[in-house]
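The listed protein sequences correspond, in order, to chains A and B. My numbering puts the first residue of the first sequence at 1, with every later residue one more than the last. My numbering puts the first residue of the second sequence at 1, with every later residue one more than the last. All C-beta atoms in this analysis are idealised placements derived from N, C-alpha and C, irrespective of residue type, glycine included. Please read these numbers as outputs of a predicted model, since none were measured by experiment. The structure appears below as structure tokens.
2 protein chains.
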Amino acid sequence: MKRNVVIVGLGLIGGSLAKAFRKYTDCSVAGIDRDESARVAALASGAVGKIGTEEDLKKADILFLCLYPKADVDFVRKHLASIRPGCLVTDTCGVKSRLCPRLAGLAKERGFSFVSGHPMAGKEKNGFAQSDADLFRGASYILVPCGAPKQAVEALKGLAPKLGFARTVETTPEEHDRMIAFTSQVPHVLACSYVMSPRCPGHKGFSAGSYRDVSRVANINETMWAELFLENREALVEELDTLTGHIAEIRNAVAAGDGAALRALLRRGRLVKEGLGE
Amino acid sequence: MKRNVVIVGLGLIGGSLAKAFRKYTDCSVAGIDRDESARVAALASGAVGKIGTEEDLKKADILFLCLYPKADVDFVRKHLASIRPGCLVTDTCGVKSRLCPRLAGLAKERGFSFVSGHPMAGKEKNGFAQSDADLFRGASYILVPCGAPKQAVEALKGLAPKLGFARTVETTPEEHDRMIAFTSQVPHVLACSYVMSPRCPGHKGFSAGSYRDVSRVANINETMWAELFLENREALVEELDTLTGHIAEIRNAVAAGDGAALRALLRRGRLVKEGLGE
Chain A
1 MKRNVVIVGL
11 GLIGGSLAKA
21 FRKYTDCSVA
31 GIDRDESARV
41 AALASGAVGK
51 IGTEEDLKKA
61 DILFLCLYPK
71 ADVDFVRKHL
81 ASIRPGCLVT
91 DTCGVKSRLC
101 PRLAGLAKER
111 GFSFVSGHPM
121 AGKEKNGFAQ
131 SDADLFRGAS
141 YILVPCGAPK
151 QAVEALKGLA
161 PKLGFARTVE
171 TTPEEHDRMI
181 AFTSQVPHVL
191 ACSYVMSPRC
201 PGHKGFSAGS
211 YRDVSRVANI
221 NETMWAELFL
231 ENREALVEEL
241 DTLTGHIAEI
251 RNAVAAGDGA
261 ALRALLRRGR
271 LVKEGLGE
Chain B
1 MKRNVVIVGL
11 GLIGGSLAKA
21 FRKYTDCSVA
31 GIDRDESARV
41 AALASGAVGK
51 IGTEEDLKKA
61 DILFLCLYPK
71 ADVDFVRKHL
81 ASIRPGCLVT
91 DTCGVKSRLC
101 PRLAGLAKER
111 GFSFVSGHPM
121 AGKEKNGFAQ
131 SDADLFRGAS
141 YILVPCGAPK
151 QAVEALKGLA
161 PKLGFARTVE
171 TTPEEHDRMI
181 AFTSQVPHVL
191 ACSYVMSPRC
201 PGHKGFSAGS
211 YRDVSRVANI
221 NETMWAELFL
231 ENREALVEEL
241 DTLTGHIAEI
251 RNAVAAGDGA
261 ALRALLRRGR
271 LVKEGLGE
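As structure tokens, this is what we get:
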């Protein structure tokens, strides 16, 4: 059965999903974006079969929300009457604890299914121009069922490998946000903090892979990330405090010239990494 | 003129230098290592033409010290009588401020030339088994002249492209150590501190490039890095304090829910990175 997919927000993630659906499935794809140049580019490149209208929303089997968290909720509220019961609605946001109850509430109210999702893929740069049908190749796809019917979760699990994902992981909003604070948000805070050093502008000739790795994601979309950080305030602050506590332990061992304590701390890090087989 | 090169310490860096000399130059290469298995492997793989003796040291045109900082100084002290005036002695240590005056002093005493060097290349794992003739391909080679005659510095500059380096950079011990604290030592402290989070062991399925990048070098050789950190105590502590100060600014904006301050901080990071054309 050929399914009707509507994708709202044709940035890096939405654009890549559109391209992956068109390249690897037989779903029809309609795209919605408030930015005209994104719409024109998506249509011209064949990433979407058409620009989505209210009528497309009404016929949608799957609705992918690929905006920022608050804009996703606003979109669903605004178009609630057009989302038919039976539609599978999902999002791609990087934080879940505040978003999920809101969208799950609207799902219950209107009778559609809502399963939250988070494709663990990205790039240092954003926008439709960066989108790629193979962005998700090998990546994890985190699913947060939010009380949706089992067949809705299974539908996304079935789509995942077609879109290129290597695996799906099911979790709760709270566990998702704690883990993402660690795996994704902290590295972005670090990258920005790191390049603020007065030494940074002179790094060339003195740097190699370590500099490149830590600084890579400093080229941040501050509007999006500020919203994601603030939506995950408690978990992110806790994780940053954990990190700076560990940095302080190493810093203090260095400052005290305490080689034995320093080696023990570095060894602790090495054993964690080795224990993960990495 | 076929030069006699002696390489002391056949680990990742020494082993890679040996292989690069053998593959890309017509120098003869003798290797010295206190570990028999490294000597056997180096000889068997052809990375060295022979195992170095006191006689080889006496004939050396270039002596590469590829041990830890203190061991490099100890080696030169112990074999001082065998290093002929006219020999070019260089090291590959990651810190310079304490090492350089010691080796420059011995150079003056004995009449050889000492130019300190730091190949900006490495791997997450150490030892001869990891060595690679192409480890230095595209990397920077930092040179610290330490008052050596100009022709000694020029000799290393001339060798650099043959060994694969993309560029050489000349600097002072103090500037080297300040820059390395930022570009290399801080990322290693970060990687170890980061993986100490209680969230780390459960990261799989929730992580992507950001986790991989920040944690990459946590697989640390704690003996070597503790020595490097302690040899660069002041600069490293200062750089860590700079970093944690910047992390605290972002952390506090998140904790206060101050979106404007948060966006301004993230924007500051982005502009630095963009300004470098990265």
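Given a cut-off of 8 Å, decide if residue j and residue i are closer than it, judged by their beta-carbon atoms.
i              : j              : result
G11 (chain B)  : A47 (chain B)  : no
R199 (chain A) : F114 (chain B) : no
N232 (chain B) : N126 (chain B) : no
L57 (chain A)  : S82 (chain A)  : yes
L266 (chain B) : A226 (chain A) : yes
N219 (chain B) : E109 (chain B) : no
I7 (chain B)   : C66 (chain B)  : yes
K59 (chain A)  : N4 (chain A)   : yes
L106 (chain A) : D72 (chain A)  : no
A64 (chain A)  : L17 (chain A)  : Note that residue 64 (chain A) corresponds to Phe in the displayed sequence, not to Ala. In this structure, L17 (chain A) lies closer than 8 Å to F64 (chain A) by Cβ.
A121 (chain B) : A208 (chain A) : yes
S184 (chain B) : S193 (chain A) : no
F112 (chain A) : P149 (chain A) : no
G257 (chain A) : L230 (chain B) : yes
L276 (chain B) : P173 (chain A) : no
V189 (chain B) : I247 (chain A) : yes
T244 (chain B) : T244 (chain A) : yes
Taking the alpha helix (DSSP H) that residue i falls in, what are its first and last residues?
i              : result
A71 (chain A)  : 69-78
L230 (chain B) : 222-231
V48 (chain B)  : From DSSP, V48 (chain B) is part of no alpha helix (DSSP H); its letter is neither H nor E.
A260 (chain A) : 259-275
I13 (chain B)  : 12-24
S210 (chain B) : 209-215
K162 (chain A) : 150-163
V195 (chain A) : 186-195
D177 (chain B) : 173-180
Please classify residue i: is it buried, with 16 or more other beta-carbons within 10 angstroms of its beta-carbon, or exposed?
i              : result
S37 (chain B)  : exposed
L80 (chain B)  : exposed
G269 (chain A) : buried
G94 (chain B)  : buried
E55 (chain A)  : exposed
T92 (chain B)  : buried
T242 (chain A) : buried
A104 (chain B) : buried
T90 (chain B)  : buried
E239 (chain A) : buried
R22 (chain B)  : buried
E274 (chain A) : exposed
Q151 (chain B) : exposed
G9 (chain B)   : buried
A260 (chain A) : exposed
R137 (chain A) : exposed
G147 (chain B) : exposed
A44 (chain A)  : exposed
P119 (chain B) : buried
Could you name the residues that DSSP lists as bridge partners for residue i?
i              : result
P119 (chain B) : B:Y141
T168 (chain A) : A:Y141
T90 (chain A)  : A:F64
V6 (chain B)   : B:A30, B:L63
F114 (chain A) : A:V89
Going by beta carbon distance, what residues of the same chain come within less than 8 Å of residue i, once the five residues before and after it are set aside?
i              : result
L262 (chain B) : I250, A253, V254
V153 (chain B) : V115, L143, P145, E170
G117 (chain A) : T90, D91, T92, Y141, I142, L143, V144, L156
Here's a check: name, in chain order, each residue in its chain whose Cβ is nearer than 6 Å to the Cβ of residue i, leaving out the five neighbours to either side.
i              : result
A41 (chain B)  : F128
K70 (chain B)  : none
D26 (chain B)  : K2
K50 (chain A)  : A30
R167 (chain B) : S140
R39 (chain A)  : D33, I51
Y24 (chain A)  : K162
D132 (chain A) : S16
R178 (chain A) : A235
So is the beta-carbon of residue i under 7 Å away from any non-hydrogen atom of the ligand FMN?
i              : result
G105 (chain A) : The ligand FMN is absent from the structure shown, which contains no ligands of any kind.
Which same chain residues end up closer than 7 Å to residue i when comparing Cβ atoms and leaving out the 5 residues on each side of it in sequence?
i              : result
P187 (chain A) : V217
M224 (chain B) : Y68
D134 (chain A) : G164
V195 (chain B) : S215, A218
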